[in-house]
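Converting from the sequence shown to my numbering requires adding 203 to each position, the first position being numbered 1.
Note that the Cβ used here is the ideal one computed from N, Cα and C, for glycine as well.
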Amino acid sequence: NYQAMNPIVKEWKADTDYRGYLRTNGVAATFTFKNGVITGNKFSLFYEAEKLRQHLSYKISEFMPDGTDMLLRAILLGDKSNLDEDIQKLFQGSGISHALALSGMHLSILTAFVMWFVSKTRLHLQIRVVLCSVAVMAYVIIAGFSPSLVRAAVMSLFLSFATLFKRRYDVLTAITAAAAIIIFENPFAVYSVSFHLSFAATLAIIFLGLPLHTLINRRFSPRKLLSAALLTVILSSVSAAMTLPFIAKYF
Numbered sequence: 204n205y206q207a208m209n210p211i212v213k214e215w216k217a218d219t220d221y222r223g224y225l226r227t228n229g230v231a232a233t234f235t236f237k238n239g240v241i242t243g244n245k246f247s248l249f250y251e252a253e254k255l256r257q258h259l260s261y262k263i264s265e266f267m268p269d270g271t272d273m274l275l276r277a278i279l280l281g282d283k284s285n286l287d288e289d290i291q292k293l294f295q296g297s298g299i300s301h302a303l304a305l306s307g308m309h310l311s312i313l314t315a316f317v318m319w320f321v322s323k324t325r326l327h328l329q330i331r332v333v334l335c336s337v338a339v340m341a342y343v344i345i346a347g348f349s350p351s352l353v354r355a356a357v358m359s360l361f362l363s364f365a366t367l368f369k370r371r372y373d374v375l376t377a378i379t380a381a382a383a384i385i386i387f388e389n390p391f392a393v394y395s396v397s398f399h400l401s402f403a404a405t406l407a408i409i410f411l412g413l414p415l416h417t418l419i420n421r422r423f424s425p426r427k428l429l430s431a432a433l434l435t436v437i438l439s440s441v442s443a444a445m446t447l448p449f450i451a452k453y454f
């Protein structure tokens with residue numbers, strides 16, 4: 204026996220639309236079961252990915268049982284289901300709770316590691332690019348398709364294919380395609396905190412950070428090491444400034 208109903212508004216922040224939050228995650232209704240069995244044998248890539256994700260979470264807990272496993276699962280797999288409330292409040296109080304959300308930073312680390320690993324082999328550049336792209340797609344599937352992760356993955360794949368086919372990488376085309384894919388798959392994603400933070404930070408880097416860095420380089424011609432340090436400071440500053448209003452609202 205079961206009954207379908209509108210999403211139940213449970214304890215939630217007063218200024219947050221819980222039903223809207225559920226819609227952004229693809230939840231249209233909730234169910235209550237008295238007695239029931241869920242069956243089915245149809246293959247689903249997403250279901251298999253979720254099973255693998257749960258298996259990896261279990262392995263992390265098995266090898267790190269002292270409480271750090273919760274934080275590691277959140278950072279690596281986006282699994283915050285068992286994250287201690289005190290830890291979440293600590294991140295929120297520090298204004299860095301968005302760091303727990305899977306984003307381009309995670310993909311950048313993964314991509315750098317995979318590229319470093321395959322660079323030790325004698326494989327052709329095109330094969331290395333393909334292997335890196337496969338790793339990116341596999342990680343996105345396992346981690347659950349959050350908007351920020353999909354945005355970073357699509358832009359990374361555009362860069363990989365540009366390298367593979369020796370084409371010029373156009374960042375605006377890449378970010379537009381990423382937004383289109385996310386919204387096509389789930390139109391309610393435009394209300395997602397992850398969507399807002401990811402695209403705000405990326406657009407700030409594209410339209411403010413990179414042009415400002417280019418201007419400084421042309422004007423002062425700093426040494427290579429200083430230029431790299433300036434790039435890091437500028438990109439971090441403009442992305443932080445652009446996402447600050449969203450962080451203040453949501454966290």
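Discussion item. What does the Cβ neighbour count give for M308, buried or exposed, with the cut at 16 atoms within 10 Å?
Written reply: Indexing the sequence shown from 1 puts residue 308 at position 105. Exposed is the call here.
Discussion item. At the level of alpha carbons, what is the spacing between I408 and I312?
Written reply: Locating residue 408 in the sequence shown gives position 205, where the first residue counts as 1. Locating residue 312 in the sequence shown gives position 109, where the first residue counts as 1. When rounded, the distance between both Cα atoms is 18 Å.
Worksheet item: Helix or strand or just coil, what does DSSP make of T324?
Response: One-based indexing of the sequence shown puts residue 324 at position 121. T324: coil per DSSP, three-state reduction.
Fill in: Simplified DSSP assignment, three categories, for F423
As a position in the sequence shown, residue 423 is number 220, starting the count at 1. Of the three classes helix, strand and coil, the one that applies to F423 here is helix, per DSSP.
Discussion item. Measuring straight from C-alpha to C-alpha, what distance separates R426 and L411?
Written reply: One-based indexing of the sequence shown puts residue 426 at position 223. One-based indexing of the sequence shown puts residue 411 at position 208. Computed Cα separation, rounded: 22 Å.
Worksheet item: What residues in its chain sit with their C-beta under 7 Å from that of N420, if we drop five residues either side in the sequence?
Response: Position 217 of the sequence shown, counted from the start, is the residue given in the question as residue 420. The answer, listed in chain order, is S430.
Worksheet item: Buried or exposed: where does S424 fall if 16 or more other Cβ atoms within 10 Å of its Cβ makes it buried?
Response: Start at 1 with the first residue of the sequence shown, and residue 424 comes out as number 221. That one is exposed.
Item to complete: Could you please give the first and the last residue of the uninterrupted alpha helix (DSSP H) stretch that includes P350?
Response: Position 147 of the sequence shown holds residue 350. Element bounds for P350: P350 to L367.
Practice prompt. Just tell me which of R331, G347, F387 and E388 has its CA closest to the CA of L360.
Written response: Reading the sequence shown from its first residue, position 157 is the one you call residue 360. The candidate whose alpha carbon is nearest that of L360 is R331.
Worksheet entry | Beta-carbon separation (whole angstroms), I378 vs M358, contact threshold 8 Å | If you number the sequence shown from 1, residue 378 lands on position 175. If you number the sequence shown from 1, residue 358 lands on position 155. With a Cβ gap of about 6 Å, I378 and M358 count as contacting.
Discussion item. Here's the rule: buried if 16 or more other CB atoms are within 10 angstroms of the residue's CB, otherwise exposed. What is V212?
Written reply: For the purposes of this step, residue 212 is taken as residue 9 along the sequence shown, with counting starting at 1. With a pLDDT of only 44 at V212, under 50, the local geometry of the prediction cannot be trusted, and the value read off the model is given with reservation. Exposed, since its Cβ has fewer than 16 Cβ neighbours within 10 Å.
Item to complete: Go ahead and label P448 buried or exposed: buried means 16 or more other beta carbons lie within 10 angstroms of its beta carbon, across all protein chains shown.
Response: As a working mapping, residue 448 is identified with position 245 in the sequence shown. Result: exposed.
Discussion item. Please return the same chain residues whose Cβ sits closer than 6 Å to the Cβ of T446, not counting the five positions on each side in sequence.
Written reply: Within the sequence shown, residue 446 is the residue found at index 243, counting from 1. Once the five neighbours on either side are set aside, the close Cβ partners of T446 are L400, A403 and A404.
Worksheet item: Taking just the CA atoms, how far does L225 sit from V393?
Response: Locating residue 393 in the sequence shown gives position 190, counting from the first residue. Locating residue 225 in the sequence shown gives position 22, counting from the first residue. Using only the alpha carbons, I get a separation of about 13 Å.
Item to complete: Quick one: measure Cβ to Cβ for I263 and D272, integer angstroms, because I've assumed they're closer than 8 Å.
Response: Taking the sequence shown and counting its residues from 1, one reaches residue 263 at position 60. Taking the sequence shown and counting its residues from 1, one reaches residue 272 at position 69. Correct: roughly 5 Å between the Cβ atoms.
Fill in: Distance, Y250 Cα to A315 Cα
Your numbering for residue 315 matches position 112 in the sequence shown. Your numbering for residue 250 matches position 47 in the sequence shown. Their backbone Cα atoms lie some 28 Å apart in a straight line.
Worksheet item: Nearest to N389 by CA position, among L428, L413 and V353, is which residue?
Response: Numbered from 1 along the sequence shown, position 186 holds the residue referred to as residue 389. Per the Cα distances, V353.
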